[in-house]
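Take a look at the structure below.
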RNA sequence: GCGGGGGUUGCCGAGUCAGGAAAAGGCGCUAGAUUGAGGGUCUAGUCCCGUAGGGGUCCGAGGGUUCAAAUCCCUCCCCCCGCACCA
């Protein structure tokens, strides 16, 4: 096969599209379609994951364009946030791992890479690369609207957005816990960690037990994950080592040294008073602030002073640790030393939860400890025992009467309520702690939980806001549809989000310039900015023009044009401003936002929330689609570790159309695709074959092929009919964004039909080639453009997409062709077993045809088959009967009883050729063969 | 744990909503044709059995409904993703 230079073809068409401005839409009479893909974050090159999301978007854009829509498909670059800064620092440091990954996987030449030591240079380099990659793959993007999120004009836009949100009451102040490195004095992200990537921040409930000491109330802040067990506390545990007394806000707390250290990072005011030996407290009593009961303080080794406050309340009925520790203490010399024996003897576990199993209340912790044979508080099995018991009680447990007002509540429901109640009553607090430790920063320092004070939040938990988002979701189209449920859940789950940062690239909060707007919060309504971007890039709209009143007018229609333009220089005339406003109203809302599924729980939610907050309902997004990831030879890709396949490399090595077709065909919806080199190469062969095939059959067979339909043979009609079915299948698939299904039918299935057509001696393939090229153009636009120009001068990319034409569906032709195929296959099957030179063929007896006719008349498969199955003759061959009846009914009235004799006679040579035997009609055939015949399935008899 | 998705032939995956020949299509593999060889291309086969177009098995496991179940109902097992303040 001739080697085809895909890249050469592709470059030709790309530059022509560019030159002719083919994909630069302006408002018109046509209905519009505004499709957006999240702009890429530029801390590396575009990779196979982007390739998938963007190519789906481009295929849809091209499809919609050919369907008659005025399509806007824009793109920008996202650079806000910290990773680019982090990358610049790593490059500065010449971090070996980074250098390796970026030169090997991101394909950045080493000498260039080393120069990228500032965020600005990184942005400049990767945006240039990204632009080139997207052009090389042939996306139909309107490049006049490109921008970067650090542009001054963009920042103006973001400032406007945040003023707006603040005005609406959706930006509020609060504080929240973050993972923090005391050495670097910065919050730490996952990739900055040496240990503990999986650690999450959990909130312990602190319950303020207390005692009188030195004439002062001293708080023993017991930390627990199960506040409800406060009703079953029998004593307090301290490790027999040094603790500290500290002033915490207005109170005096006794806590471990570690806890004191941690508290200094919270929003509390803490001050060390003195060290205090825990030993001095044993045998003293504390008050349970909830129940008022007096309880003793005991020593315990299992207490981890590095976990929360280091002060532990003991609930021996429900906590295996506590139960074992008490039993052990009773026998320990410590009891002697601190003279605790008498008090210990009086300790009785207090049961407060029922799991509804036992008749007589038992002590759950005692049971499980004894079952597992645990004797010591240092036994590692205690951890397991605790988990098992906790799980059981959490899911099945109900609080007993002893818990007073909480009696009867589910354990699973109690935590938040109790925590809130305790805090309200001034006897509770929250202590943040990591779920697993240690958590260590790259610099080697142990991380802490820091509570960031006076932080700005987006108030997503606001029920009114949430309610409107949920309501709108119901009106939206979500693809695939089961993601609607996912969105619903995520919207419900969404809490307030901190939207301000100390570090990173981006826009400052306009009213509080200490803070930067967090990077997911600045990319929620920027699709509107694409409208402005065209004017900005033309030099007409400048940052200094972008006042609040101007943007109010353009984006919200508020304030009138006079107000919008007052004080602006004359280069921004009213006409232009009016035009921008009209553009905005023409293009908005976003008709489809298509994205990777990783953005569901964050960006796509914010996208909805912000649109609903800021714009009127007619400008809210119409649809969201999500797609899955791409792996490489089965391995997960990673930007920062590799492996990675860049878009640029994929196109360079395989060509744009091969890359596009592969990625579109690799998988559907949210399921993940796998990039396999071997498969890609084999697909490349398919495309070469396709190209050759069209070239051979397209060019010379001029218009005369299409002249008279009367000249069409049954086979030609079959081809046209099959093509119509494929048009329908492809169109249906594209309407649902099912590119895999679309490619499967438009390319692979059509190829196989075409092959059959040619093998059968078909001569007029050009009957369908025009439309076939159009059909394939959204997927492989360059090849289609190249081939289209063999006979046309305009762009196939701008043609009208083929419409399903039912009148060309020819069930008779299809049935006849199917008949021939099956006959050949039957004969071949027989020839596997019998050596023969001739095959006698006899069509089914007339009475069988009658039954079939009857079934068609009934029209309903279920009914018909019920009738027919009453007949013993058919019951015996039920499968066969149901088979052909089904086939008949499927086509309803269209089904034709075939003139089988005629079909066989007309195709007798072809069948002989295919099977290698001679066929004879109307010969006598033995009865046992004859009875196998059905309408559509003649009896066969092989003779040598 | 909660929420969402899933388990089909050597692999990737259709088919499940609306029960009616399971396995479309792609990849891989085998054979034949073509080609000086290789490659490429075309054709056929690819769960098991079968010297007549057939029979059997089968859709994570086990039950049930039905003339008929991958599909509907019940029970159970397993896998993937998210659970955030990060792009």
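Residue numbers (the working numbering): 1 to 944.
Yeah, the Cβ is synthetic: ideal placement off N, Cα and C, and Gly gets one too.
Quick caveat: nothing in here was measured; it's all calculated off a predicted structure.
- For residue 656, the enclosing alpha helix (DSSP H) covers residues 656-666.
- Ranking 799, 788, 696 and 443 by CA distance to the CA of residue 765 puts 696 first.
- In this structure, the CA atom of residue 401 is about 10 Å from the CA atom of residue 231.
- Look at residue 353 here: in three-state DSSP terms it is strand.
- Closest option to residue 454, judged by alpha-carbon separation, among 502, 527 and 827: 502.
- Taking the Cα positions, residue 544 is about 46 Å away from residue 263.
- Using a 10 angstroms sphere on the CB of residue 164, the tally of other CB atoms reaches 16 or more, which defines it as buried.
- In the DSSP secondary-structure assignment, residue 139 is not bridged to any residue.
- Secondary structure in the stretch 272-325: no alpha helix (DSSP H) run of 4 residues or longer lies completely within the stretch.
- The stretch 908-928 and the stretch 808-816 do not touch, with fewer than 3 CB-CB distances between them shorter than 8 Å.
- Per DSSP, the continuous alpha helix (DSSP H) segment holding residue 388 begins and ends at 381-396.
- Segment contact: the stretch 623-642 against the stretch 667-676, three or more CB-CB distances shorter than 8 Å; contact assigned.
- Judged by beta-carbon spacing, residue 139 lies beyond the 8 Å limit of residue 147, meaning their Cβ atoms are not closer than that value.
- When DSSP states are grouped into helix, strand and coil, residue 433 belongs to the strand group.
- Of the other Cβ atoms in all chains shown, fewer than 16 fall within 10 Å of the Cβ of residue 806; this residue is therefore exposed.
- Residue 345 counts as exposed, since fewer than 16 other C-beta atoms from the protein chains shown sit within 10 angstroms of its C-beta.
- Annotation: residue 16 to residue 53 spans about 25 Å, alpha carbon to alpha carbon.
- Counting only the Cα atoms, residue 195 lies some 21 Å from residue 451.
- For residue 674, the uninterrupted beta strand (DSSP E) run begins and ends at 673-675, by DSSP.
- Around residue 434, the same chain offers 196, 199, 201 and 449 as residues with beta carbons nearer than 7 Å, after the five sequence neighbours per side are excluded.
- The Cβ atoms of residue 779 and residue 661 lie closer than 8 Å to each other.
- Looking at the DSSP output, residue 181 shares a beta bridge with 186.
- For the options 33, 86, 80 and 50, the alpha carbon positioned closest to that of residue 60 is the one of 33.
- The beta carbon of residue 721 lies closer than 7 Å to those of 808, 809, 810, 813 and 814 in the same chain, with the five residues before and after it left out.
- Annotation note: the stretch 42-116 contains the following uninterrupted beta strand (DSSP E) runs of length 3 or greater, listed N- to C-terminal: 70-72.
- The distance from the Cβ of residue 239 to that of residue 301 is about 7 Å, consistent with a contact at the 8 Å cut-off.
- Comparing alpha carbon positions, the residue from 670, 136, 803 and 305 closest to residue 652 is 136.
- Relative to residue 664, the option among 740, 568 and 685 whose CA is nearest is 740.
- Residue 500 carries a strand assignment under DSSP once its states are collapsed to helix, strand and coil.
- With fewer than 16 neighbouring CB atoms inside 10 Å of its own CB, residue 380 falls in the exposed class.
- In this structure, DSSP gives residue 477 an extended state, which the three-state scheme calls strand.
- Beyond the five residues adjoining it in sequence on each side, residue 639 comes within less than 6 Å, by CB distance, of 44 in the same chain, given in chain order.
- Apart from sequence neighbours up to five positions away, the residues of its chain that approach residue 105 with a beta-carbon distance below 6 Å are 642 and 644, ordered along the chain.
- In this structure, 311 is the residue among 247, 311, 259 and 293 with its C-alpha nearest to the C-alpha of residue 278.
- DSSP links residue 560 through a beta bridge to no other residue.
- Counting other Cβ atoms within 10 Å of its Cβ, residue 13 reaches 16 or more and is therefore classed as buried.
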